[in-house]
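Under my numbering, the residue at position 167 of the sequence shown is numbered 174, and the numbers go up by one with no gaps. We treat Cβ as the ideally placed atom computed from N, Cα and C, and that holds for glycine. Just so you know, these numbers come straight off a predicted model, no measurement behind them. To start, the structure under review is shown below, and the notes come after it.
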Amino acid sequence: MALSIAGCNTDIIYQEEQYKTLVYLLSGSENVYAASYSLNKEEPVRYITIGTGGSNTNEKDITVTLEPNPVMLDKFNSLNYNYQSEYARLLSADRYTIDSYSVTLPANSDYHYARMPVKVRALGLSPDSIYFIPLKIKSVSNYDVNPEKSDVLFRVAIENDYAEQLVPTYYAKSGTMTNPTTVLSGTKLVQPLEKDKVRMFIGNETYGSSTSVADIERLSVVVQIKEDNTLLVTPYGSMEVEMLDKVNGYNRYVPDLLQGTSKQKVFYLNYRFRLKNSNGSYTGWREVEERLIRIEDK
Numbered sequence: 008m009a010l011s012i013a014g015c016n017t018d019i020i021y022q023e024e025q026y027k028t029l030v031y032l033l034s035g036s037e038n039v040y041a042a043s044y045s046l047n048k049e050e051p052v053r054y055i056t057i058g059t060g061g062s063n064t065n066e067k068d069i070t071v072t073l074e075p076n077p078v079m080l081d082k083f084n085s086l087n088y089n090y091q092s093e094y095a096r097l098l099s100a101d102r103y104t105i106d107s108y109s110v111t112l113p114a115n116s117d118y119h120y121a122r123m124p125v126k127v128r129a130l131g132l133s134p135d136s137i138y139f140i141p142l143k144i145k146s147v148s149n150y151d152v153n154p155e156k157s158d159v160l161f162r163v164a165i166e167n168d169y170a171e172q173l174v175p176t177y178y179a180k181s182g183t184m185t186n187p188t189t190v191l192s193g194t195k196l197v198q199p200l201e202k203d204k205v206r207m208f209i210g211n212e213t214y215g216s217s218t219s220v221a222d223i224e225r226l227s228v229v230v231q232i233k234e235d236n237t238l239l240v241t242p243y244g245s246m247e248v249e250m251l252d253k254v255n256g257y258n259r260y261v262p263d264l265l266q267g268t269s270k271q272k273v274f275y276l277n278y279r280f281r282l283k284n285s286n287g288s289y290t291g292w293r294e295v296e297e298r299l300i301r302i303e304d305k
């Protein structure tokens, strides 16, 4: 009889836990939730999701209020980075708007979640930085909070029609560069800057974990895509750049080049550049003839 009673108690506890309504913030590993904001819009909107877990629907309205949680970002940085220059950054408050930090999950709804809009002024954010809005649940009007999902690092990334930050955008490159003659091959990282501008390294230079700010400024160009899909290449930093027209049909962007049964997004570039030395002088001019085909994620 004692064993039977003990078994009944265990079943009751299990059922209570199984059906218990818990409030949580939707996130992934390390409680990070990433959202990509388009540079093509002045103030795009993405959402933080607040949900309820449990087998049964909530029988009462639940008002959930969030608040900033900068300590969470400090912990994330201490666990993931060794140097302050590499830290993920707190998105400045003047960069985003959350009209209300409270949402209500209606009782007995078919939907077990509500969304909190987050508007971001994305123009001017750097593709080299990781930005977070750290938040936590401040209060709930009913039920309990899932302690493992009570906070969220809401990551803000940028994108445009040609590249995105969250999932790095690569293009397959081919072409040549002079002085000395160099074959261009492999892949090239292309990063969003504005709605009609991307940044990329020259030639076969690559972007990696050891790349410094000085490297980016010295070795990068900005490619602007005009309304007629012609291209303008300008320096990102200290180099000098001049456009060339030696290759027919180059310095244009083709968003729908038909190759077999698929369409490809292609940059055709023809320009020359020279780098600035530490003493203020410049290297010799190098001419670039380059084709970049976007590698699409399947």
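Q: Count the other C-beta atoms from every protein chain shown that fall within 10 angstroms of the C-beta of E249, then say buried if there are 16 or more, exposed otherwise.
A: Here residue 249 refers to the residue found at position 242 of the sequence shown. Classification for E249: exposed.
Q: List the whole-angstrom C-beta distance separating V125 from I144, where the pair is believed to meet the contact cut-off of C-beta under 8 Å.
A: Here the question's residue 125 lines up with position 118 in the sequence shown. Here the question's residue 144 lines up with position 137 in the sequence shown. So it is not a contact: roughly 16 Å between Cβ atoms.
Q) Can you list, in chain order, the residues of its chain whose CB lies under 8 Å from that of T17, leaving out five sequence neighbours each side? A) Taking the first residue of the sequence shown as 1, we reach residue 17 at position 10. Below a pLDDT of 50, predicted positions are generally treated as unreliable, and T17, at 44, falls in that range; no measurement from the model is reported.
Q. Pairing CB atoms from the region 203-214 with CB atoms from the region 65-83, are three or more of them under 8 Å?
A. no
Q. With a cut-off of 8 Å, do at least 3 Cβ pairs link the region 175-189 to the region 228-241?
A. no
Q) Counting pairs of Cβ atoms below 8 Å between the region 62-73 and the region 92-101, do you hit three or more? A) no
Q: Determine the closest residue to F280 out of F274, R298, M246, Y260, with distance taken between C-alpha atoms.
A: The count along the sequence shown starts at 1 and reaches residue 280 at position 273. Closest by alpha carbon: M246.
Q | Alpha-carbon to alpha-carbon, L46 and G58 | A | For this step, residue 58 is matched to residue 51 along the sequence shown. For this step, residue 46 is matched to residue 39 along the sequence shown. Roughly 29 Å between the two C-alpha positions.
(Q) Can you tell me where the beta strand (DSSP E) holding S323 begins and where it ends? (A) What is shown of the chain runs 8 to 305, which leaves residue 323 out entirely.
**Q.** beta strand (DSSP E) segment containing P199, residue limits
**A.** Mapped onto the sequence shown, residue 199 falls at position 192. Segment 194-201, the beta strand (DSSP E) holding P199.
Q. Hey, would you say N5 sits closer than 8 Å to V159, going by beta carbons?
A. As shown, the chain starts at 8 and ends at 305. That puts residue 5 outside it, with no answer to give.
Q | For E74, the residue or residues it bridges with in DSSP | A | Counting from 1 along the sequence shown, the entry for residue 74 is found at position 67. Looking at the DSSP assignment, E74 forms a beta bridge with K143.
Q.
Mapping the DSSP letters down to three states, classify E249 as helix, strand or coil.
A. Within the sequence shown, residue 249 is the residue found at index 242, counting from 1. E249: strand per DSSP, three-state reduction.
Q. Along the chain, which unbroken stretches of the beta strand (DSSP E) at least 3 residues long are found entirely within the region 81-123?
A. 109-112
Q) What is the DSSP secondary structure of S43, counted as helix, strand or coil? A) For the purposes of this step, residue 43 is taken as the residue at position 36 of the sequence shown. Strand at S43.
(Q) Comparing C-alpha positions only, which one of G287, K270, E50, L29 sits nearest to L132? (A) Looking up residue 132 in the sequence shown gives position 125. Closest by alpha carbon: E50.
(Q) Please identify the residue among T64, N211, M123 whose C-alpha is closest to the C-alpha of V6. (A) What is shown of the chain runs 8 to 305, which leaves residue 6 out entirely.
Q) Is the beta carbon of I105 less than 8 Å from the beta carbon of P134? A) As a working mapping, residue 105 is identified with position 98 in the sequence shown. As a working mapping, residue 134 is identified with position 127 in the sequence shown. Cβ distance not < 8 Å, so I105 and P134 don't count as in contact.
Q: To the nearest angstrom, report how far apart T194 and G215 are at their CA atoms.
A: Position 187 of the sequence shown, counted from the first residue, corresponds to residue 194. Position 208 of the sequence shown, counted from the first residue, corresponds to residue 215. Looking at the two C-alpha atoms, the distance is approximately 13 Å.
Q) What are the partner residues of M207, as DSSP defines its beta bridges? A) Locating residue 207 in the sequence shown gives position 200, counting from the first residue. M207 pairs with V228.
Q) Which residues in the same chain have their Cβ closer than 7 Å to the Cβ of A114, if we skip the five residues on either side of it in sequence? A) Residue mapping note: residue 114 aligns to position 107 of the sequence shown, counting from 1. For A114, where only same-chain residues beyond five positions count, the Cβ hits under 7 Å are N65, E66, K67, D68.
Q: Tell me, to the nearest whole angstrom, how far the beta carbon of V273 is from that of I300; I am working on the premise that it is less than 8 Å.
A: Translated into the one-based positions of the sequence shown, residue 273 becomes position 266. Translated into the one-based positions of the sequence shown, residue 300 becomes position 293. The pair is a contact, with the Cβ atoms about 5 Å apart (cut-off 8 Å).
Q: Could you check if L86 is buried or exposed, using at least 16 other CB atoms within 10 Å of its CB as the buried criterion?
A: To locate residue 86, count along the sequence shown from 1; it is residue 79. That one is exposed.
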